[in-house]
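Mapping of the sequence shown onto the UniProt record's numbering: residues 1 to 214, in sequence order. Heads up, the beta-carbon is just placed ideally off N, CA and C, and yes, glycines get one too. Report on one structure; see the data block that follows.
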Amino acid sequence: LSQVEIAEMLSINKSSYSSWESGRAKPNQKNLAALAKILDVDVTYLESEYNIVNNYLQLSPDNQAKAEEYVEELLLSQQSSKVTPLFSVQVLSDIQLSAGLGEFLFDEYETETVFSDEEQLGYDIATWISGKSMEPIYQDGEVALIRSSGFDYDGAVYALSWNDSVFIKKLYREKEGFRMVSLNDKYPDKFIPYEDEPRIVGKVVGHFMPVIGS
Numbered sequence: 001l002s003q004v005e006i007a008e009m010l011s012i013n014k015s016s017y018s019s020w021e022s023g024r025a026k027p028n029q030k031n032l033a034a035l036a037k038i039l040d041v042d043v044t045y046l047e048s049e050y051n052i053v054n055n056y057l058q059l060s061p062d063n064q065a066k067a068e069e070y071v072e073e074l075l076l077s078q079q080s081s082k083v084t085p086l087f088s089v090q091v092l093s094d095i096q097l098s099a100g101l102g103e104f105l106f107d108e109y110e111t112e113t114v115f116s117d118e119e120q121l122g123y124d125i126a127t128w129i130s131g132k133s134m135e136p137i138y139q140d141g142e143v144a145l146i147r148s149s150g151f152d153y154d155g156a157v158y159a160l161s162w163n164d165s166v167f168i169k170k171l172y173r174e175k176e177g178f179r180m181v182s183l184n185d186k187y188p189d190k191f192i193p194y195e196d197e198p199r200i201v202g203k204v205v206g207h208f209m210p211v212i213g214s
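Okay, here's the thing in structure tokens:
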């Protein structure tokens, strides 16, 4: 809407409306309410807008420049002070789930704290992912979130302990054992016979790259 159009809608002349915009004059309450309705804003918004402009126009040119500089500094300070909430996750420090060709497991169960920018829920164990066999979904250096459980259904991603190593793989239950399938087709399937006593640690229910810590 132009100044002329708004002035016509308010049944006032253009110069009167122009003086409102410049801060030289202030509309009465009736005109202010009508203007707010036309612009689809609250009356309080227009009142605060007028006060800001009116005070600014009363400053000398030098002080106007200082005011602009100060407002910019305040805005930058406000933006830099916005803190993204982080959520802590306790990760097993010395046990890495191998998402590669196999990693030796240690018996230490110490944890370290890392942070996620999203709250992580519904898991029992958090540990590191190592390797590229489950890319592009599961990345090397991410944290895997595992819910302790047995086998649920074919094709889900599980943490499986076998031969002193733990793997993150898609699992398929077959007559004589489990078939481990990688998402990265550069890695061949592996068959694990039941007689080797593989143990399902749990189902992988989430994963994330830590914001802080590694």
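Sub-8 Å separation of residue 161 and residue 205 beta-carbons: Not in contact: residue 161 and residue 205 (Cβ atoms no closer than 8 Å).
Could you check how far apart the C-beta atoms of residue 134 and residue 168 are, in whole angstroms? I think they sit under 8 Å. The beta carbons of residue 134 and residue 168 sit about 6 Å from each other, so the pair counts as a contact at 8 Å.
Which residue marks the beginning of the beta strand (DSSP E) containing residue 172, and which one marks its end? It spans 165-173 - the beta strand (DSSP E) in which residue 172 sits, taken as one unbroken run.
Pick out whichever of 87, 179, 184, 130 has its Cα sitting closest to the Cα of residue 136. Of 87, 179, 184, 130, the residue nearest in Cα terms is 184.
What do you get for residue 159, buried or exposed, if any count of 16 or more other CB atoms within 10 angstroms of its CB means buried? So residue 159 ends up on the buried side.
Alpha-carbon spacing of residue 110 relative to residue 92, whole angstroms: Distance between residue 110 and residue 92, taken at the CA atoms: about 6 Å.
Note down the Cα distance separating residue 165 from residue 144, rounded to an integer number of angstroms. Looking at the backbone, the Cα of residue 165 and that of residue 144 are separated by about 15 Å.
Buried/exposed call for residue 178, threshold 16 Cβ in 10 Å: Its Cβ being crowded by 16 or more others within 10 Å, residue 178 is buried.
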